[in-house]
Amino acid sequence: MLRLHDTATGEVRPLGPNGAAEIGIYVCGPTVYGRPHIGHGRATLVYDVLRRYLEWSGGNVRHVSNVTDIDDKIIRLAADEHRPWQDVARRYEDSWWSAMDRMGVARPHVAPRATDYIGRMVDLVAELVASGAAYESGDGVYLSASAVPGYGLLAHQSIESLRAGARVELNEEKRAPIDFALWKKAKPGEPKWPSPWGGGRPGWHTECVVMSLELLGDGFALHGGGEDLRFPHHENERAQAVALGRPFARHWVHHGMVLFGEEKMSKSVGNVVDLAEMLDSHDPRAYRLVVLQAHYREQVKVDESRLAEAARTLQGLDALARRLAEAEPQAATAEPSCEVTHDFRAFMDDDLGSPRAVARLFDAVKQANTALDGRQVKEGVSLGRAALAGFEALGLVATGTVEVSEQAKDLARRRDAARAERDFALADTLRDEIVALGYRVEDTAAGTRVLR
RNA sequence: GGCGGCGUGGCCGAGUGGUUCAGGCAAGGGCCUGCAAAGCCCUCUACCCCAGUUCGAUUCUGGGCGCCGCCUCCA
3 MLRLHDTATG EVRPLGPNGA AEIGIYVCGP TVYGRPHIGH GRATLVYDVL
53 RRYLEWSGGN VRHVSNVTDI DDKIIRLAAD EHRPWQDVAR RYEDSWWSAM
103 DRMGVARPHV APRATDYIGR MVDLVAELVA SGAAYESGDG VYLSASAVPG
153 YGLLAHQSIE SLRAGARVEL NEEKRAPIDF ALWKKAKPGE PKWPSPWGGG
203 RPGWHTECVV MSLELLGDGF ALHGGGEDLR FPHHENERAQ AVALGRPFAR
253 HWVHHGMVLF GEEKMSKSVG NVVDLAEMLD SHDPRAYRLV VLQAHYREQV
303 KVDESRLAEA ARTLQGLDAL ARRLAEAEPQ AATAEPSCEV THDFRAFMDD
353 DLGSPRAVAR LFDAVKQANT ALDGRQVKEG VSLGRAALAG FEALGLVATG
403 TVEVSEQAKD LARRRDAARA ERDFALADTL RDEIVALGYR VEDTAAGTRV
453 LR
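Mapping of the first sequence onto our numbering: position 187 corresponds to residue 189, and the numbering continues sequentially without gaps.
In structure tokens form, the structure reads like this:
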């Protein structure tokens, strides 16, 4: 059973009931005001791995991830471009799903848009106002943080120290600097939805409360997001649920940030790497491997050499897949090695120890190759199948086959003929021609093999 | 100022109070190969500094130095 670190308690503890019970996972999704970068990529990969692993372990997962399609940045961009905010939001939502598909990220079971839930958000804010926890002011409705028992749980700070450290500019409309907006009254020209406090739009933190409770139910299993969302976003989500008296996430998961070079990737530093561009220049699986080789709670350093290195590593995995495809007819009954699977599971169950789990699988890859080298086919296939199955459980699929053009196939056939006649000069020339087409060449017992 | 994390071999990155070793990539040598490639074998370079606890610390404690993150509607 999976044990996971919980930000609320600081402990690694069981995620909750496995098996038939539904495991509700809510992951904070994108605000669609720009193209996704590799930081978004890591975030989705981390939770994709979590989800896949739970499902592989027999869990019945319901994965919900929101799309924030209205916010200040979207409004500003729409104004700059003189087009409706909906166009901006939809354009970047499309680029989001496109990039996620390319990374092999499983789509969430439900991906609600914030603007589809505004009526429910208004209801929730009204309830908070009625309870006395929230108050209306000149520019919106705010939640009073001091009205929430245990405010600061996720920040691991007392309300006093949060108050002392608040860097938020003084806002006359708030009673306390740490209070946060539930509803923002529309300024002239801004998009607005009706509410008891006039036209406006919801504050960011409210949508996740409404959608997670609505789609997963009270006391859902897990709420995840980046370390940077721990405070204030998640703290403020939780505050609303607590103020309403509704059981919220039972488990809080936060993953580390992506560093490009030595510091956090951010627009102000100018080191943002566009996700789609990165996927253009590397095997799309390479980034997943990079992410898996670092523990999800640690920061991960990414750069070109790291991605290229991972891509090379994957070639070795693909090579094994090809060997297995050839050897399997002779070892149809070979079961995946239980030892490998057992170790893999043990590492993953311990707070998603993917670096160790992956290392164990690579160990099995080597063992499999060694066995196959030694003609212990059944042993090799057993080890290899377990390794590839483990990688697949993490969303990393090794490919034993490659699309090869007719031209290259023809050259390969001619090269085999030349080699059969021991005309190696011609064979080498033909090999160069195949390589010039962008392929790699390997000789096997079955003849020339052409690879990407 | 408050809170948290990290400093490991050429690079990335796990882990542990001691005995054989993370793993990946790179480098050197070898096996295999017509030559390569792939694969395998061997080799190499470690645990930031200073104290302390201990028979023994990279691993625990304290201090120091350095780096990173959060406290801003940044994943």
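For glycine and all other residues, C-beta sits at the position ideal for the given N, C-alpha and C.
Contacting residues, own chain, Cβ-Cβ under 7 angstroms from residue i (five flanking each side not counted)
i	result
Arg122	Val212 and Glu216
Asp220	Arg248 and Pro249
Pro38	Pro32, Ser97, Trp98, Ala101 and Leu277
Glu405	none
Arg166	Strictly speaking, residue 166 in this sequence is Ala, with Arg absent from that position. Correct list: empty, nothing qualifies.
Val383	Leu326, Ala329, Glu330, Ala333 and Ala336
Ser133	Ala245
Ala296	Val302 and Pro357
Leu164	Gly154, Ala157 and Ile180
Contacts around residue i, its chain only, beta-carbon distance under 8 angstroms, and the 5 residues preceding and following it disregarded
i	result
Arg314	none
Ala23	Asn62
Tyr464	There is simply no residue 464 to check, as the chain begins at 3 and stops at 454 in what is shown.
Closest Cα partner of residue i within the set the options
i	options	result
Leu218	Ala183, Val443 and Asn68	Asn68
Leu398	Asp430, Ala348 and Tyr289	Tyr289
Glu444	Ala438, Asp425, Ala414 and Gly202	Ala414
Thr42	Val379, Glu175 and Met259	The sequence shown places His at residue 42, rather than the Thr named in the question. Of the listed residues, the one whose Cα sits closest to His42 is Met259.
Gly152	Gln369, Ala296, Ala10 and Arg454	Ala10
Asp181	Gln88, Ala373 and Leu145	Leu145
Gly36	Arg53, Glu13, Glu95 and Arg44	Glu95
Pro190	Val14, Asp305, Ala81 and Arg177	Ala81
His65	Arg109, Thr446 and Ser59	Arg109
Arg442	Asp434, Leu432, Leu453 and Glu435	Leu453
Arg15	Trp254, Val292 and Thr446	Trp254
Leu281	Glu13, Val34, Ile40 and Ala147	Ile40
Leu184	Ser59, Ala136, Glu175 and Thr401	Ala136
Glu237	Leu294, Ile161, Tyr119 and Trp199	Ile161
His235	Val112, Tyr119, Arg252 and His207	His207
Extent of the continuous alpha helix (DSSP H) run through residue i
i	result
Phe182	Phe182 -> not in any alpha helix (DSSP H); beta strand (DSSP E) instead, spanning Phe182 to Lys187.
Phe222	No alpha helix (DSSP H) holds Phe222; DSSP gives it neither H nor E.
Ala388	Val379 to Ala395
Tyr441	Unbroken run through Tyr441: none, as it is neither H nor E.
Asn371	Ser356 to Asp375
Asn68	Run containing Asn68: none; DSSP gives neither H nor E here.
Thr335	Neither: Thr335 is in no alpha helix (DSSP H) and is coded neither H nor E.
Buried versus exposed call for residue i [16 or more other C-beta atoms within 10 Å across all chains shown]
i	result
Ala334	exposed
Ser307	exposed
Gly449	exposed
Cys210	buried
Glu423	exposed
Phe426	exposed
His158	exposed
Asp375	exposed
Asp103	exposed
Ala348	exposed
Ser197	buried
Leu439	exposed
Gly227	buried
Asp118	exposed
Assumed close pair residue i, residue j - CB separation to whole angstroms, cut-off 8 angstroms
i	j	result
Gly31	Ala223	Going by Cβ atoms, the distance from Gly31 to Ala223 rounds to 17 angstroms, so no, they are not a contact pair.
Gly392	Leu363	5 angstroms
Leu2	Gln301	As shown, the chain starts at 3 and ends at 454. That puts residue 2 outside it, with no answer to give.
Ile76	Ala116	The pair is not a contact, with the Cβ atoms about 10 angstroms apart (cut-off 8 angstroms).
Leu6	Leu354	7 angstroms
Ala336	Lys380	5 angstroms
Thr46	Val107	5 angstroms
Ala400	Leu319	4 angstroms
Neighbourhood of residue i by C-beta distance below 6 angstroms, restricted to the same chain and skipping five residues each side
i	result
Asn20	Its pLDDT being 49, under 50, Asn20 is placed unreliably by the model, and nothing is read from it.
Met105	Pro286
Val150	Ala241, Val244 and Ala245
Gly201	Ala188 and Lys194
Arg299	Gly258
His256	Thr9, Glu229 and Arg232
Leu126	Val212
Ser339	Ser384, Leu385 and Ala388
Arg451	Glu444
Ala91	Val34, Asp71 and Ile76
Asp141	Glu175 and Lys187
Residue i, enclosing beta strand (DSSP E) - first and last residue
i	result
Ile27	Glu24 to Val29
Thr144	For the sequence presented, residue 144 should be read as Tyr rather than Thr. It spans Gly142 to Leu145 - the beta strand (DSSP E) in which Tyr144 sits, taken as one unbroken run.
Ala313	Segment Glu306 to Ala329 is the alpha helix (DSSP H) holding Ala313; no beta strand (DSSP E) there.
Phe349	Segment Cys340 to Asp351 is the alpha helix (DSSP H) holding Phe349; no beta strand (DSSP E) there.
Val260	Val260 to Phe262
Thr450	Gly449 to Leu453
Heavy atom of the ligand FAD within 7 angstroms of residue i beta-carbon
i	result
Asn273	The model depicted lacks the ligand FAD and carries no ligand whatsoever.
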